[in-house]
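Just so it is clear: in the sequence shown, position 121 is 114 by the numbering used here, and no numbers are missing.
Reviewing the structure listed below.
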Amino acid sequence: MGGSLLLSALTTPDTKAKVASQQFSSRQPLPPRRKAYGTVMLAGPKVEYRSSGGRFYNAIYHCEGPIASFEGYWLEDVRTALVPGSLGGPSGIFPYLSAVVLEGHLGAPSQAASTLLQELGYWTADDRLSGAAYSVMRATAPAEKQFTKVFPSGTWPEHRVLIRASRVRNVNDVAQTQDPATWGWSDLASLCIRDHLTDPKWGMKVPADLIDDASFSAAAILDFQTITKASGALRPRYYIGGAFDLTDEPADALQGMLDARDGRLFLTPEGKVGISGGVYVAPEVTLTDPQILSLTIEVGSRKRATFNRLKVSFVSPAHDYQVVEGDPWEDLDAQEEAGEILEADFARPWVQDHNQLRRLAKIHTAKSNPDYRITGMVTDRSGLPALFEDTIRLVLTRYGIDAIFTVERAVASGDGSTCTYDLTSLDPACYNFDAATEEGIEPALPNTDALATAPAPPVDLAAEIERRTVSGETNATFLVLTSDEPSRADLALIGRYRAVGATDWVDMVSDGESRGRVVSSVLTDGQAYEAQGAIASYGRAAQSAWTATDPATITAIADTTSTGAPTAFVVNGGAGQASYAFTAPNAANFGSAKIFRGTTTTFADATAIRTVNGSASQSFDGTDSGRPPGTYRYWVRAYNRSGFGDATSTAGPITVTVT
């Protein structure tokens, strides 16, 4: 098993080409299926590619589902205005606006069919592509004279998506059981590795009861530890993102994920598969001269190091999730002693952070160029405790050795009288990392030295709440920002908003064809929001400073017009109950009414006992039962469809006696 699990890392040229190819769409009769973990940007083989009725449809398979979410949609190289988590809608960016509509499917086992593809006629509600995460783009052709304005390249745009990929089981969350329906998204390396090991269809097919969950639990806690980068940004210690074709060897993907966290798989004494690595753990076993029967020692030397510079590469989110080269890891002492630079490739396609890449490069350098290599070390039976250890301390007085060693191979004889080990010395300091001095320089972002001049802020920026019909008679509130349209055709208003007290901003999308109007997603009635606007060019390559609206906050109540009070309000007391009746006001904006009960004549002290929904002039009646004897006051207040009601829409109080 060990030989099949622990394979060499992918080579740099193949890795770079493989990652890049995952973001291209292609037409293949039988394309390979794909599995993804973490956050990845993908295109993929085309499921549909056809024009019909003045519209063009492009459906792309991304990977096996279910995935957690679509985090963004790109048209060509420009991110659309669709917010993270969206399952589609109009692009919301110039020049495409509503001419391009996108639709995402998470790949659930019983997902709904694509409404866009059904427009073609031969796709039906039964064509669900269950289990496949895919997206559809529909582009509508404008008038001939407008075509190149909407589609500057002269043809339909290609699209890509950024996804949070496979849901995995977090063994540290008691709510997540062996039922995949309870799992959640995670990019922690050890949890993704565990999922790949146990995946019965596309992974290593290791039964879950043969996984040492205790070690994976500890590894997940380690992976989640916060690392502070030189910039001050915070990241988990070990997280990954990537995809692999299901025609690839599962062991290759496994090794790539292990390499992204300095991970090692091992067998426990109970025969289960565990995981270790990623941090230095002081050894619990020490072997000394009297226990050792024979061994071969190779003394290392920086002069004879296999390499003294690592040419490092990783997948950079800042570079559209392409493979880029990082700051090389230099062993300056070894270079000086050798008198030359010996370079080796260090490709980590599952790593998405430069700090993590450099930490791994430091560890790899120390492990690959040890001070001592010991092979064929035979011990007596007292060496048995070291069989299941990652590291041991070895004290060989006759050779002047007192050091920590990594156990590369451990085998016991059939009768248990001897053990044979291959060991490599380990400097624990390789796990120490100072971001300020060792993180190096992150790859430069494209065009950072030639940014376009920022445009002026929006003129006459205003915010308002609108209520719109979203389905049938169902209405919802939206936040709309407006400004004067910029004089340049490549500029447009952009906006963002958040609930008062929230931390994260939510992007707004273009509202219609105007370059000076954007709209939010559905708001929560009664919630206060703050919003900001800015002027930006295509893809936000150039953007003005964000400008706050005036007033700074706005409450999501689209209609503050009172419905007026209900009429014909009567209440009659009785034995243990009170009965009531009323007629809703004759107002088109009437939405609901609430019955209130109190023991004083103050409305603010009353309690709502029933809510009814209906239409203008509708009659209602009811009974408030289970009342102890006493005197009670009743009111009825009408609310409009925005949930607004006040004293002018209130009837009562009516005083009754319950016996």
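Note that the Cβ used here is the ideal one computed from N, Cα and C, for glycine as well.
Taking 6 Å as the limit between beta carbons, can you name the residues of its chain near residue i, skipping five residues before and five after?
| i | result |
| --- | --- |
| A275 | none |
| A210 | In the sequence under discussion, the amino acid at residue 210 is Ser, which differs from the Ala named in the question. So the list reads V164 and N165, once near-sequence residues are dropped. |
| A527 | I487, Q536, S537 and W539 |
| P83 | S91 and V94 |
| R352 | F426 |
| N606 | S585 |
Buried or exposed, going by whether 16 or more other CB atoms sit within 10 Å of the CB of residue i?
| i | result |
| --- | --- |
| G249 | buried |
| D205 | buried |
| T32 | buried |
| V154 | buried |
| E277 | exposed |
| N579 | exposed |
| N633 | buried |
| Y625 | buried |
| D120 | exposed |
| E435 | buried |
| K198 | exposed |
Rounded to whole angstroms, what is the Cα-Cα separation between residue i and residue j?
| i | j | result |
| --- | --- | --- |
| D442 | R341 | Only weak support exists for where D442 lies, its pLDDT of 41 falling under 50; the coordinates are left without a value. |
| S642 | Q520 | 21 Å |
| Y365 | I397 | 10 Å |
| T496 | R461 | 27 Å |
| L444 | A535 | Because the pLDDT of L444 is 44, which lies under 50, any placement of that residue in the model is unreliable, and the number read from its coordinates should be weighed accordingly. Straight-line Cα distance between these residues: approximately 7 Å. |
| L380 | L280 | 12 Å |
| T108 | V499 | 26 Å |
| E318 | A447 | 30 Å |
| F217 | E291 | 38 Å |
| T411 | G393 | 24 Å |
| F307 | T470 | 44 Å |
| A105 | G78 | 17 Å |
| G638 | A631 | 6 Å |
| I367 | Y414 | 8 Å |
| D477 | V452 | 6 Å |
| T560 | F575 | 6 Å |
| G293 | R374 | 29 Å |
Cutting at 7 Å between CB atoms, please list the residues of its own chain near residue i, excluding the five before and the five after it.
| i | result |
| --- | --- |
| L260 | V266 |
| A581 | A609 |
| G569 | S618, G619, R620 and V651 |
| F17 | In this predicted model, F17 has a pLDDT of only 49, less than 50, meaning its place in the structure is not dependable; the value taken from the coordinates is given anyway. Contacts found: A36. |
| W178 | A61, R157 and R160 |
| A168 | T175 |
| T604 | S585 and K587 |
What does DSSP give as the partner residue(s) for residue i in the beta ladder?
| i | result |
| --- | --- |
| I268 | L258 |
| E457 | V473 |
| T546 | E523 |
| V499 | Y490 |
So the candidates are the options; which of them puts its Cα closest to the Cα of residue i?
| i | options | result |
| --- | --- | --- |
| A429 | I397, A482 and A226 | A226 |
| G488 | G46, A74 and Y632 | A74 |
| V143 | P88, V400 and R162 | P88 |
| T592 | T556, A538 and T648 | T648 |
| T299 | Y273, S306 and A337 | A337 |
| P370 | R352, R351 and A405 | Per the sequence shown, the amino acid found at residue 370 is Met instead of Pro. If we check each option's Cα against that of M370, A405 comes out closest. |
| F583 | R590, R162, T553 and R626 | T553 |
| A134 | F339, S44 and P310 | S44 |
| A524 | T470, S503, A455 and F589 | A455 |
| E459 | I233, P310 and V511 | V511 |
| A327 | L113, P646 and L303 | L303 |
| T684 | L251, V473, T595 and A132 | With the chain covering -6 to 652 only, the question about residue 684 has no answer from this structure. |
| T595 | A561, A640 and P622 | A640 |
| R533 | E41, Y66 and V71 | V71 |
| R590 | L99, S480 and W628 | W628 |
| R402 | T548, S183, L389 and T417 | T417 |
| A644 | G567, A558, A132 and A599 | A558 |
Among residues of its own chain, excluding the 5 on either side of residue i, which ones have a beta-carbon nearer than 8 Å to its beta-carbon?
| i | result |
| --- | --- |
| T219 | L227, R228, P229 and R230 |
| L239 | P25, R26, R27, K28, E57 and W195 |
| S572 | V564, N565, D614, G615, T616 and D617 |
| R386 | P276, V278, T279, L280, D395, A396, I397 and F398 |
| D188 | Y30, S159, V161, R162 and G196 |
| T600 | F589, R590 and G591 |
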